[in-house]
Each structure stands twice: as structure tokens, then as C-alpha cells.
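Step one of this worksheet: look at the structure below.
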Amino acid sequence: LDLATLQPRQELLLALLAATVRALEAADVPCWLTGGTLLGAIRHGGFIPHDDDVDLECFEADVRRIAAVFEEHPRLTFRMGGRWRETPVAHVGLRGADVELDVFLREADLAELQDFPSRAEALPLGRCRF
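Numbering (the numbering used here), first residue to last: 1279 to 1408.
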């Protein structure tokens, strides 16, 4: 962890997060913060001081719609990226920058998993300051 580059990286990630959420909302694709990103939003109103990534969740059933949103986007990219344990992961990036955020693709039932909240914990979605 390089503290000299952490703040500029967090600022870039914040811009990427805002652009990603705007694009998904415009396409009526639900998304929500998860993991350390959600914890940072609740505890710090932003990043956990040492955090250098952003985690979102979306429904796996929306993956084609998500890909279509970013296929047409002039500044953002989309790619599938494997799995985190049993959960598929996609990535949204900023063209020309070496930065991406993680999008964990959850099944519609939002079953409780070791690393992810259950439906009862995640829904209904609300807004938080970040």
C-alpha cells in the first residue's frame, strides 16, 4: 500500500463509482455497495482510510443489460473477470486509466453467503453518502 498514491487512486475510484452508478441507474439496473466499500460508506462517509478498491453488487440476471450499458459508454469499459469463491465477478473500468471497480453478480434470491449479505440484509436498497 503506497500512501502517496492512495488518495489520487481513491479520487479516481470515486469518479468511476459515480459514473458507473449513474449509467446503471439510467438503464434501471439495480446496484448497491458491498464489502469494504459499504463499510466505509457507513463508518467514514467514504473510503475506509486504507482502502484502494470499490465493490458493487448487481443481480446476475442483469449481466447482459450491464454489458450493453458499458458497450455503448464513451468512457467506461466492462469485462467479466472470473469468480470470487462461487460468485461471478465483473469489472467496470475507466478508459485510459489503470483502475476498475468490482461488480459481484448475485443470484436473485440473495441467499446468505459467507462474504455477502442476504436479501433481508441488503433490501430494500437505500441511498448513502459516499
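Just so you know, even glycine gets a beta-carbon here, dropped at the ideal spot from N, CA and C.
Query - For G1371, the residue or residues it bridges with in DSSP - result: T1355 and E1378
Report task. Count the CB pairs spanning the stretch 1316-1328 and the stretch 1351-1363 that are closer than 8 Å, and state whether there are at least three. Result -> no
Query raised in the report: Nearest to H1328 by CA position, among L1281, L1379 and L1401, is which residue?
Result: L1281
Query raised in the report: Between the C-alpha atoms of T1298 and L1354, what's the straight-line distance to the nearest angstrom?
Result: 8 Å
Query - Spatially closest choice to G1267 from D1393, T1312, P1352 and E1390, by CA coordinates - result: Because residue 1267 is not part of the residues shown, which for the chain are 1279 to 1408, the question remains open.
Query - Of the residues D1387, L1290, A1386 and A1304, the one placed nearest D1330, counting alpha carbons only - result: L1290
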